[in-house]
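To keep things clear, I will list the structure first and then write my remarks on it.
In the numbering used here, the protein residues as written are 443 to 999.
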């Protein structure tokens, strides 16, 4: 064990752990870092690792962990037969794992900044990778925006010397596709309730009292319901805009009153946003939004006021609970169960999307006739220089584009939703506040993937299974709510009130000096009426965040 990160590099492999980090050390040299739960009893595996296999090859141990456990962990496994170390990154991705090759050592860490602290790597911005990131900002990539720093794919076994030795996919989404007859809706809802209560409860047992970042929507409300049903101590916190468009306090208040828990509410304040500070500081890519810093601060304030140890959020819920807005569920059911069974789903998706019957039938026909899937991840070239249609989609952190989904083509859409959520999930790599997204835990992801797409829109309402799972716990106002509020109006005012600073930051900054920006396009965008062009304002704020992120790393260097 190293006392400090700088002592981690020596003549033999060494490990540095932050204070309070959970770790299991096995007699034969293996280590498991981070919370590890056993599926059979939902409890933490104890520090002695008594439940773990006595010995085995890295592949055998990784497969056992994948099958029997879950959590947010990294397994370091010595290869007794062929030498060297292998590492298995937990399938959930809730403990990100980064790798770089230093001057004399290969380093693996849960935070990129530790590489510099170890004295082996001078972290520098990779300008080409940053340009690629800005073209595909919602895609979490294997390559980060720091030179020489990659992220390990969750659920994959890596030899320390990869790519010399190929990684092995242990967890694969195709292993959890729907198989056989679809379960009854009520049976599926019961399974979702049981799994949610077990997973959220296990994290709450570990964290202690929590505050839930609640919106009064389905995803965060499900977390509240799971905590309430399990008898866990928690409170609710919400942040509202000054105008009604982003004010969800009435829904959160109804939720908190119904469950008998405390609630804290705050208002977005323009003065709380410092555009020179990066919400992504400490991360290897500028993957967070400008507003995230203010949200973090208000939620942490609520956490302290309500006496909680951690913040749980419902991030990823829309994706996990298969919030599709297309004909995919209709086509899936048509191919799996025939025309008669698909008729109710046709009407369900008309209700979910607002399309009339004729429009939905045409969408079904187009989807069934297509021989290739549409562009799987369109690029956003807005305001960027040196981009072209010949640019190749970068390697995704989770390469799920071509997964074999059988006859359930809508599962490609479901997987794409989950991939889009990955940059917005809060795991154990928390930089500022103890904020966590429990819905992306491995057993929940596996269960949700296994349920056919048409079950999620049953009854003509999105995320129907999640609503039904805790229908006896949640208030009707929350269960039937399909509208969604957000901070759009606040962001518009933020942009309008800071045009001069935003223009200077972007056009006189590192991105412009490194030829990443189309200056004329930025100038034109700055003159846009933001009340009628939200996407333009958001793009400019994202460029501002990228500039602040670059400055944060250059400042560390």
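Each residue gets a CB set at the ideal place from its N, CA and C atoms; glycine is no exception.
Notebook entry, point to check: Based on the DSSP secondary-structure assignment, which residues constitute the bridge partners of residue 473?
Noted result: Beta-bridge pairing by DSSP links residue 473 to 467 and 518.
Margin query: Judging by CA-CA distance, which residue of 565, 967 and 457 is the nearest neighbour of residue 724?
Written below: Nearest neighbour of residue 724 by Cα position, chosen from 565, 967 and 457, turns out to be 565.
Next item on the list: Can you check DSSP and say which residues form a bridge with residue 677?
Entry: The partner list for residue 677 (beta bridge, DSSP) reads 653.
Next item on the list: Using three-state DSSP, classify residue 694 as helix, strand or coil.
Entry: DSSP places residue 694 within a helical segment (H, G or I) once states are collapsed to three.
Next item on the list: Please confirm whether any heavy atom of the ligand ATP lies closer than 6 Å to the CB of residue 650.
Entry: The ligand content of the structure shown is nil, which means the ligand ATP is not present either.
Notebook entry, point to check: residue 772 and residue 806 look like a contact to me (Cβ under 8 Å); what is the Cβ gap, rounded to whole Å?
Noted result: Cβ-Cβ separation between residue 772 and residue 806: approximately 5 Å, consistent with a contact (criterion under 8 Å).
Note to self: According to DSSP, is residue 763 part of a helix, a strand, or is it coil?
What the structure shows: Of the three classes helix, strand and coil, the one that applies to residue 763 here is coil, per DSSP.
Check: What is the rounded straight-line gap between the Cα of residue 821 and the Cα of residue 931?
Finding: Between the alpha carbons of residue 821 and residue 931 lies a distance of about 26 Å.
Margin query: In the DSSP assignment, the alpha helix (DSSP H) including residue 557 goes from what residue to what residue?
Written below: From DSSP, the alpha helix (DSSP H) with residue 557 extends over 555-559.
Checklist line | CB of residue 500 within 7 Å of CB of residue 528, strictly | finding: Yes, the pair counts as a contact, with Cβ atoms nearer than the cut-off.
Next item on the list: Spatial neighbours of residue 824 within its chain, please: CB distance less than 6 Å, with the 5 preceding and 5 following residues excluded, ordered by chain position.
Entry: The residues are 981.
Check: Which term fits residue 946, buried or exposed, when burial requires 16 or more other beta carbons within 10 angstroms of its beta carbon?
Finding: Exposed is the call here.
Next item on the list: Compare the beta carbon distance of residue 667 and residue 912 with 7 Å and say whether it is the shorter of the two.
Entry: Taking 7 Å as the Cβ cut-off, residue 667 and residue 912 qualify as a contacting pair.
Next item on the list: Check residue 840 in the structure and name its three-state DSSP category.
Entry: Per DSSP, reduced to three states, the secondary structure at residue 840 is coil, with no helix or strand assignment.
Notebook entry, point to check: Should residue 677 and residue 692 be called a contact, given that it needs their Cβ atoms to be closer than 7 Å?
Noted result: For residue 677 and residue 692, no; Cβs fall outside 7 Å.
Check: In three-state DSSP terms, what is residue 912?
Finding: Secondary structure of residue 912 (DSSP, three-state): coil.
Next item on the list: Figure out for me which residue from 956, 574, 638 and 898 has the closest Cα to the Cα of residue 836.
Entry: When each option's Cα is compared against that of residue 836, the closest is 574.
Checklist line | Residues near residue 943 in its chain [Cβ-Cβ closer than 7 Å; skip 5 each side] | finding: Correct list, in chain order: 717.
Note to self: Just to confirm before moving on: does the CB-CB distance between residue 558 and residue 540 stay below 7 Å?
What the structure shows: With respect to the 7 Å criterion, residue 558 and residue 540 are not classified as neighbours on the basis of their beta carbons.
Notebook entry, point to check: Starting from residue 896 and walking both ways along the alpha helix (DSSP H), at which residues does that stretch end?
Noted result: Run containing residue 896: none; DSSP gives neither H nor E here.
Notebook entry, point to check: Cα-Cα, which of 962, 544, 465 and 505 is closest to residue 599?
Noted result: Ranking 962, 544, 465 and 505 by Cα distance to residue 599 puts 505 first.
Margin query: Determine whether the beta carbon atoms of residue 709 and residue 684 lie at a separation below 7 Å.
Written below: For residue 709 and residue 684, yes; Cβs fall inside 7 Å.
Notebook entry, point to check: Start and end of the alpha helix (DSSP H) containing residue 549?
Noted result: Note, residue 549: premise wrong, no alpha helix (DSSP H); beta strand (DSSP E) at 548-551.
Check: What runs of the alpha helix (DSSP H), each 4 residues or longer, lie entirely inside the stretch 603-658?
Finding: DSSP runs (the alpha helix (DSSP H)) wholly in the stretch 603-658: 627-649.
Margin query: Can you give me the C-alpha to C-alpha distance between residue 597 and residue 990, rounded to a whole angstrom?
Written below: Cα-Cα distance, rounded: 32 Å.
Item checked: residue 480, enclosing alpha helix (DSSP H) - first and last residue -> No alpha helix (DSSP H) contains residue 480, which is instead part of the beta strand (DSSP E) from 478-480.
Item checked: Residues sharing a beta bridge with residue 754, DSSP -> Note: residue 754 sits in a beta bridge opposite 654 and 878.
Next item on the list: Under the assumption that residue 893 contacts residue 907 (Cβ atoms under 8 Å), give the Cβ distance between them as a whole number of angstroms.
Entry: Their Cβ separation, rounded to whole angstroms, is 7 Å, which keeps residue 893 and residue 907 in contact under 8 Å.
Next item on the list: Could you check which residue in 601, 515 and 721 has the C-alpha nearest to that of residue 995?
Entry: The shortest C-alpha separation from residue 995 is found at 721.
Margin query: I want to see whether chain C comes within less than 7 Å of residue 797, judged by CB atoms only; does it?
Written below: As a matter of chain content, chain C is missing from the structure shown, which is built from one protein chain.
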